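>
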Amino acid sequence: MNSRKILLGFACLAACVSLAGCNLPANRADATKTAQANEAQSVLQTAMANASAAMTQAAASGKPTLAPVAATTAAPVVIPTLGATQKPIPSDPGTDNAALAGETVPDGTKYTPGATFTKTWRMMNTGTSTWTNSYKLIFVDGDQMEATKEFYIPVPVEPGKIIDMSVQMKAPDTEGTYKGYWKIKNPNEKTFGPGGTGSFWVQIVVAVPTPTATAIPPTATATSEPTTTAETPTASS
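Numbering-wise (the working numbering), the sequence shown opens with residue 95 and increments by one.
Below is the structure:
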């Protein structure tokens, strides 16, 4: 079908050329007509030859031939390479240790039932790591005595420094001896105390005071004195 269209197109071209030659002014020389006719004939022969070659190639392949299209080269896409998951490099955890440098409420201090008091431990950081505000003072065992179970350390404590840790408590309502154990916990949930693994504590005695008898001085009793009656002598006659 394409070959027929090509032949038809060239035939029209030849006709146009011939008509153009016919429309030339009469004063043109025959040589000009002859040259134009020869040129048209040459163009027609070349077109027919190309059409014949195209028909032969199409017949041989049995399929229409498409002109090659220049392939566009896509720009390379850079795909980021995911490296291995980088784990944060932990800082040197150091060693956590503590020493008791002083305290209030010595062991055996007596309180009446329900009395409130403040227990303070003066702790020294004897380890190599700083106690940050992620460290806690925590209750671990024994009698809690209505104290809050854990407290964050409010200020950093560097190795060799001292901090006072105070806890509000309340004496139980029943008489007896009560003891509660406490430790420090680091951000890794590891507890420690004096000597590395020891605890520090509070121990009190709840007792009702015995009333003291007040001595009452004896009351003085008035004693009546005997009355002496004087007798008047009677004169005898």
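Where a beta carbon is used, it is the ideal one built from N, C-alpha and C, also for glycine. The structure displayed is predicted, hence computed values, not measured ones.
First and last residue of the beta strand (DSSP E) that includes residue 260?
The residue you call residue 260 lines up with position 166 of the sequence shown. Taken as a continuous stretch (DSSP letters only), the beta strand (DSSP E) holding residue 260 covers 256-264.
> Do three or more CB pairs link the stretch 255-269 to the stretch 280-291 at distances below 8 Å?
As far as the Cβ criterion goes, the stretch 255-269 does not touch the stretch 280-291, which means the pair count is below three.
> Give every residue of the same chain whose Cβ lies closer than 8 Å to the Cβ of residue 173, excluding the five residues on either side of it in the sequence, and list them in chain order.
Counting from 1 along the sequence shown, the entry for residue 173 is found at position 79. Per-residue confidence for residue 173 stands at a pLDDT of 35, beneath the threshold of 50, marking its modelled position as unreliable; the derived number appears in the next sentence. None.
> How many whole angstroms separate the CB atoms of residue 214 and residue 260, which I take to be in contact at a CB cut-off of 8 Å?
Position 120 of the sequence shown, counted from the first residue, corresponds to residue 214. Position 166 of the sequence shown, counted from the first residue, corresponds to residue 260. That pair is a contact at about 4 Å.
> Candidates 254, 234, 240: which alpha carbon is nearest residue 193's?
Counting from 1 along the sequence shown, the entry for residue 193 is found at position 99. Of the candidates 254, 234, 240, the one whose C-alpha sits nearest the C-alpha of residue 193 is 254.
> Run through DSSP, which three-state label would residue 311 get?
Translated into positions along the sequence shown, residue 311 becomes position 217. Note: residue 311 maps to coil in three-state DSSP.
> Give a yes or no on whether the C-beta atoms belonging to residue 237 and residue 272 are separated by under 7 Å.
Stepping through the sequence shown from its first residue, residue 237 is reached at position 143. Stepping through the sequence shown from its first residue, residue 272 is reached at position 178. Cβ atoms of residue 237 and residue 272: closer than 7 Å.
> Mind checking residue 311: buried by the 16 CB within 10 Å criterion, or exposed?
In the sequence shown, residue 311 corresponds to position 217, counting from 1. Exposed, because fewer than 16 other Cβ atoms sit within 10 Å of the Cβ of residue 311.
> Quick check on residue 246: buried or exposed, where buried means 16 or more other Cβ atoms within 10 Å of its Cβ?
The residue labelled residue 246 in the question sits at position 152 within the sequence shown. Exposed, since its Cβ has fewer than 16 Cβ neighbours within 10 Å.
> Tell me which same chain residues have a C-beta within less than 6 Å of the C-beta of residue 233, skipping the five on either side of it?
Working through the sequence shown from its first residue, we reach residue 233 at position 139. So the list reads 243, 276, once near-sequence residues are dropped.
> For residue 192, which beta-bridge partners are listed by DSSP?
One-based indexing of the sequence shown puts residue 192 at position 98. Note: residue 192 sits in a beta bridge opposite 219, 288.
> Mind reading off the beta-carbon distance from residue 297 to residue 208? Whole number of angstroms is fine, and I expect it under 8 Å.
As a first step, residue 297 must be located in the sequence shown, where it is residue number 203. As a first step, residue 208 must be located in the sequence shown, where it is residue number 114. Actually they are not in contact, since the Cβ atoms of residue 297 and residue 208 sit about 18 Å apart, beyond 8 Å.
> Quick check: residue 279 and residue 230, are their CB atoms within less than 7 Å of each other?
As a first step, residue 279 is located in the sequence shown; it is residue number 185 there, counting from the start. As a first step, residue 230 is located in the sequence shown; it is residue number 136 there, counting from the start. Yes.
> With C-beta atoms as the reference, is residue 222 less than 7 Å away from residue 189?
In the sequence shown, counting from the first residue as 1, residue 222 sits at position 128. In the sequence shown, counting from the first residue as 1, residue 189 sits at position 95. It is a contact, given that the beta carbons lie within the stated cut-off.
> If you drop the 5 nearest sequence neighbours on each side, which residues of the same chain put their C-beta closer than 6 Å to that of residue 196?
Residue mapping note: residue 196 aligns to position 102 of the sequence shown, counting from 1. Same-chain partners within the cutoff: 216.
> Going by beta-carbon coordinates alone, are residue 251 and residue 225 separated by less than 7 Å?
On the sequence shown, position 157 is the one that residue 251 refers to. On the sequence shown, position 131 is the one that residue 225 refers to. Yes, the pair counts as a contact, with Cβ atoms nearer than the cut-off.
> Can you tell me the Cα-Cα spacing of residue 256 and residue 248, whole angstroms?
As a working mapping, residue 256 is identified with position 162 in the sequence shown. As a working mapping, residue 248 is identified with position 154 in the sequence shown. Taking the straight line joining both Cα atoms gives about 13 Å.
> Under a three-way DSSP split, which group does residue 226 fall into?
Within the sequence shown, the letter at position 132 stands for residue 226. It is coil, neither helix nor strand.
> To which residues of the same chain is residue 219 closer than 8 Å at the C-beta, ignoring the five residues directly before and after it?
Within the sequence shown, numbered from 1, the residue matching residue 219 stands at position 125. Cβ within range, chain order: 191, 192, 225, 251, 252, 253, 254, 255, 256, 257.
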